[in-house]
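These notes concern the structure reproduced below.
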Amino acid sequence: MNSKLVIINVVRWFILLLFQILLLRSMSFYNLANPFIYVLFLLLLPFSTPNLLLYLIAFITGLTIDAFYDTYGVHTAACVVLVFVRILFISVSVSRDNFDEPEPTLGNMGFKWFLLYASLCIFSHHIILFFLETFRLTEFNYTLVRSLLSSIFTLFIVLLIEFIFYNRKAR
Amino acid sequence: MRNLWIFLNRYNAFFFFIIFFTLGIVLTIKNNAYQRSVTLNSTNKVVGDAYTNLNVVKRYLNLSTVNDSLARENALLKTKVLALQNIDTAKDITLRDTSGVAQYTYLSARVVKNSIALRNNIITINRGSADGIAGGMPVISSGNGIVGYIRDVSEHFATIRSLLHKDTYISVNIKKNKAVGSLIWGDGNFDYRKAYIKDVPNHFKLSMGDTVITSNFSSFPAGIPVGKVSNTGIAKGDNFKLIEVVLFNDFSALQYVYVIKNKFAKEQQALEAKVPDEQ
Numbered sequence: 001m002n003s004k005l006v007i008i009n010v011v012r013w014f015i016l017l018l019f020q021i022l023l024l025r026s027m028s029f030y031n032l033a034n035p036f037i038y039v040l041f042l043l044l045l046p047f048s049t050p051n052l053l054l055y056l057i058a059f060i061t062g063l064t065i066d067a068f069y070d071t072y073g074v075h076t077a078a079c080v081v082l083v084f085v086r087i088l089f090i091s092v093s094v095s096r097d098n099f100d101e102p103e104p105t106l107g108n109m110g111f112k113w114f115l116l117y118a119s120l121c122i123f124s125h126h127i128i129l130f131f132l133e134t135f136r137l138t139e140f141n142y143t144l145v146r147s148l149l150s151s152i153f154t155l156f157i158v159l160l161i162e163f164i165f166y167n168r169k170a171r
Numbered sequence: 001m002r003n004l005w006i007f008l009n010r011y012n013a014f015f016f017f018i019i020f021f022t023l024g025i026v027l028t029i030k031n032n033a034y035q036r037s038v039t040l041n042s043t044n045k046v047v048g049d050a051y052t053n054l055n056v057v058k059r060y061l062n063l064s065t066v067n068d069s070l071a072r073e074n075a076l077l078k079t080k081v082l083a084l085q086n087i088d089t090a091k092d093i094t095l096r097d098t099s100g101v102a103q104y105t106y107l108s109a110r111v112v113k114n115s116i117a118l119r120n121n122i123i124t125i126n127r128g129s130a131d132g133i134a135g136g137m138p139v140i141s142s143g144n145g146i147v148g149y150i151r152d153v154s155e156h157f158a159t160i161r162s163l164l165h166k167d168t169y170i171s172v173n174i175k176k177n178k179a180v181g182s183l184i185w186g187d188g189n190f191d192y193r194k195a196y197i198k199d200v201p202n203h204f205k206l207s208m209g210d211t212v213i214t215s216n217f218s219s220f221p222a223g224i225p226v227g228k229v230s231n232t233g234i235a236k237g238d239n240f241k242l243i244e245v246v247l248f249n250d251f252s253a254l255q256y257v258y259v260i261k262n263k264f265a266k267e268q269q270a271l272e273a274k275v276p277d278e279q
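Taken in sequence, the protein lines are chains A and B.
Per this note's numbering, the very first residue in the first sequence carries number 1; after that it's consecutive.
Per this note's numbering, the very first residue in the second sequence carries number 1; after that it's consecutive.
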């Protein structure tokens, strides 16, 4: 992995986490949809990252968010699930021979692929997150609605950010 | 052995997932347990300091509101002092000496971090064990109304399990007829301005606008105003009413809170611990 990618990802980690903690923590629609944009960092990690490193990064990112949200372990578990879904999806949909793109961004992979990738990862992350946060099944319907709406909200902002920094690689 | 290694390596994503996900779940369950020995939350020095420094601008912008609320509180207290001064003590037959038994002492604290948008909301304040704060102490807001209970304590910070949390139950009274119920938040209502009282027996007659206060059974001092009844008796189909309450306390604009130290808390707990578990 070259050093430029490492620096970009470190900077992205700090910016997205600050954005999440400072601004998005106090943002919600009628307590139904809370955005968790920091997952974009995990979505955009390079293809060449080894699996163990992916899990470690997800674990540490989750723990950091947990410390600031006072929800010890909830985000950690959700991030690990996201990475699992990410690895599965990439192994199914991207062939190993032509890894010419370094990162799974919208500009590199196209809108259709990215939309499916992001929505699958975000939904699995949010459903684990909200069910672990509620930690009881009596509010099942409410939690389900909440995780769905939050996923849509997060997906919307993720796509927005991706379109703002959209640059198709010159071939 | 070599085959096993190849097998593990081939499906390493799955095995790593199992390991890390189990770790995450264990942490979650530990955090949900009553006895927590976790320090990685906002009582942590780094996280607490980060929140303190990041809130400077917000604190500055809110100064005028805080000032107004303090002035109002001062006026209220002065009125009370005047009323006490005008008591004709000569007329009273017995005077109770209360100077030695100030059961409750208040400690003011600044809110460092607050949230209202989550299912379980935690507030962080800038006081900790160095100021004599311990877990379970009740917290009220500087204006009107209750906030929650102290959850975790570090040396200079403490977190409050806000009323807006799934595990918070506070015993309250309807002021008019002393009906006792427990105040909860959640279960379908996730508006930070409202809460529910459950377990009030059906035979109590209530009307809109009845004041709700803390009861004798909570660890709050009795009689602290909580809110006003806004919907009496949502039918649940059993012997108890579910009452909607509009809270006096505005959780979205919480700036200063009071932590209440109960001088006799330990004594009471020690006494109650002697009662054998009779259930």
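For each residue, glycine too, the CB sits at the ideal point set by N, CA and C.
Does the separation of the CB atoms of residue 72 of chain A and residue 168 of chain B fall below 8 angstroms?
No, Cβ-Cβ distance for residue 72 of chain A and residue 168 of chain B is not below 8 angstroms.
Report yes if the C-beta distance between residue 275 of chain B and residue 109 of chain B is below 8 angstroms; otherwise report no.
Here residue 275 of chain B is not near residue 109 of chain B, since their CB atoms are 8 angstroms or more apart.
Candidates A/110, A/30, A/28 and A/38: which alpha carbon is nearest residue 63 of chain A's?
Checking every option, the nearest Cα to that of residue 63 of chain A belongs to A/38.
Counting only C-beta atoms, is residue 65 of chain B closer than 8 angstroms to chain A at any point?
It does not: the Cβ of residue 65 of chain B has no partner Cβ on chain A nearer than 8 angstroms.
C-alpha gap between residue 218 of chain B and residue 151 of chain B, whole angstroms:
A straight line joining the alpha-carbon of residue 218 of chain B with that of residue 151 of chain B spans about 16 angstroms.
Within a Cβ cutoff of 8 angstroms, which residues of the same chain sit near residue 248 of chain B, ignoring the five residues on either side of it in sequence?
So the qualifying residues of the chain are 143, 144, 145, 225, 226, 227 and 228.
Would you list, in chain order, the members of the region 115 to 139 of chain B that have their beta-carbon closer than 8 angstroms to a beta-carbon of chain A?
With the criterion set as a beta carbon lying under 8 angstroms from some beta carbon of chain A, the members of the region 115 to 139 of chain B are 115, 116, 117, 118, 119, 120, 122 and 124, in sequence order.
Nearest-angstrom beta carbon gap, residue 173 of chain B and residue 213 of chain B [assumed within contact, 8 angstroms]:
Rounded to the nearest angstrom, the Cβ distance from residue 213 of chain B to residue 173 of chain B is 5 angstroms, consistent with a contact under 8 angstroms.
Pairwise C-alpha distance: residue 151 of chain A and residue 9 of chain A:
About 23 angstroms.
How about the region 119 to 138 of chain A and the region 2 to 19 of chain A: do they share at least three Cβ pairs that are nearer than 8 angstroms?
With a cut-off of 8 angstroms on Cβ pairs, the region 119 to 138 of chain A is not in contact with the region 2 to 19 of chain A, counting fewer than three such pairs.
Determine the chain A residues that contact residue 54 of chain B at a beta-carbon separation under 7 angstroms, and present them in chain order.
The answer, in chain order, is 22.
Helix, strand or coil at residue 166 of chain B [DSSP, three-state]:
Here residue 166 of chain B sits in coil by DSSP.
Does DSSP put residue 6 of chain A in a helix, in a strand, or in coil?
Here residue 6 of chain A carries a helix assignment [DSSP, helix/strand/coil].
For residue 109 of chain B, which residues does DSSP report across the bridge?
The partner list for residue 109 of chain B (beta bridge, DSSP) reads B/257.
With three or more beta-carbon pairs closer than 8 angstroms as the criterion, would you say the region 19 to 30 of chain A touches the region 158 to 166 of chain A?
The region 158 to 166 of chain A and the region 19 to 30 of chain A do not touch, with fewer than three beta-carbon pairs separated by less than 8 angstroms.
Chain B contact for residue 52 of chain A (CB, 8 angstroms cutoff):
With 8 angstroms as the cut-off, residue 52 of chain A counts as an interface residue toward chain B.
Looking at the C-beta of residue 25 of chain B, does it have a partner C-beta in chain A at a distance below 8 angstroms?
Residue 25 of chain B counts as touching chain A.
Taking residue 115 of chain A as the reference, which of A/40, A/166, A/142 and A/155 has the closest Cα?
Nearest to residue 115 of chain A by C-alpha distance, out of A/40, A/166, A/142 and A/155, is A/155.
Give a yes or no on contact between the region 251 to 267 of chain B and the region 196 to 211 of chain B, applying the rule of three or more CB pairs nearer than 8 angstroms.
Flag = no, the region 251 to 267 of chain B and the region 196 to 211 of chain B do not touch.
Provide the residue span of the beta strand (DSSP E) that contains residue 60 of chain B, from first to last.
That residue, residue 60 of chain B, is in no beta strand (DSSP E); its alpha helix (DSSP H) goes 56 to 61.
Positions along the region 110 to 137 of chain A whose CB lies within less than 8 angstroms of some CB in chain B:
Result list: 130, 132, 133, 134, 135 and 136.
Kindly indicate which residue of A/122, A/60, A/68 and A/84 has the alpha-carbon position closest to the one of residue 50 of chain B.
Cα-wise, what sits closest to residue 50 of chain B is A/68.
Which same chain residues, not among the five before or five after residue 170 of chain A, have their C-beta less than 8 angstroms away from its C-beta?
Confidence in residue 170 of chain A is poor, its pLDDT being 45 and thus under 50, which makes the residue's placement too unreliable to answer from.
Check residue 67 of chain B in the structure and name its three-state DSSP category.
Taken through DSSP and simplified to helix, strand or coil, residue 67 of chain B comes out as helix.
Residues in its own chain within less than 6 angstroms of residue 66 of chain B by CB, not counting five upstream and five downstream?
Within the same chain, residue 66 of chain B has close Cβ partners 255.
State the Cα-Cα distance for the pair residue 85 of chain A and residue 132 of chain B, rounded to the nearest angstrom.
Roughly 47 angstroms separates the two Cα atoms.
Among the candidates A/7, A/54, A/106 and A/127, whose CA atom is the shortest distance from the CA of residue 16 of chain B?
Of the listed residues, the one whose Cα sits closest to residue 16 of chain B is A/54.
Note down, in chain order, all residues in the region 141 to 170 of chain A with a beta-carbon under 7 angstroms from any beta-carbon belonging to chain B.
So the list reads 142, given in the order they occur along the chain.
Spatial neighbours of residue 74 of chain A within its chain, please: CB distance less than 7 angstroms, with the 5 preceding and 5 following residues excluded, ordered by chain position.
Non-local beta-carbon contacts of residue 74 of chain A in its own chain, meaning distances under 7 angstroms to residues more than five positions away in sequence, involve 66, 129, 132 and 133 in chain order.
Mind listing the chain A neighbours of residue 47 of chain B? Cutoff is C-beta to C-beta under 7 angstroms, in chain order.
Residues of chain A passing the Cβ test: 67 and 68.
Note down, in chain order, each residue of its chain lying with its Cβ closer than 8 angstroms to the Cβ of residue 283 of chain B, except the 5 sequence neighbours on either side.
Because chain B in this structure spans residues 1 to 279, residue 283 of chain B falls outside the shown range and cannot be described.
Inter-residue CB distance, residue 101 of chain A and residue 44 of chain A (contact presumed, cutoff 8 angstroms):
About 12 angstroms separates the Cβ atoms of residue 101 of chain A and residue 44 of chain A, ruling out a contact at the 8 angstroms cut-off.
Within chain A, partners of residue 16 of chain B - CB distance below 7 angstroms
Those are 51, 52 and 55, listed as they occur along chain A.
In this structure, how does DSSP classify residue 191 of chain B when only helix, strand and coil are distinguished?
When DSSP states are grouped into helix, strand and coil, residue 191 of chain B belongs to the coil group.
Spatial neighbours of residue 124 of chain A within its chain, please: CB distance less than 7 angstroms, with the 5 preceding and 5 following residues excluded, ordered by chain position.
So the qualifying residues of the chain are 81, 82 and 85.
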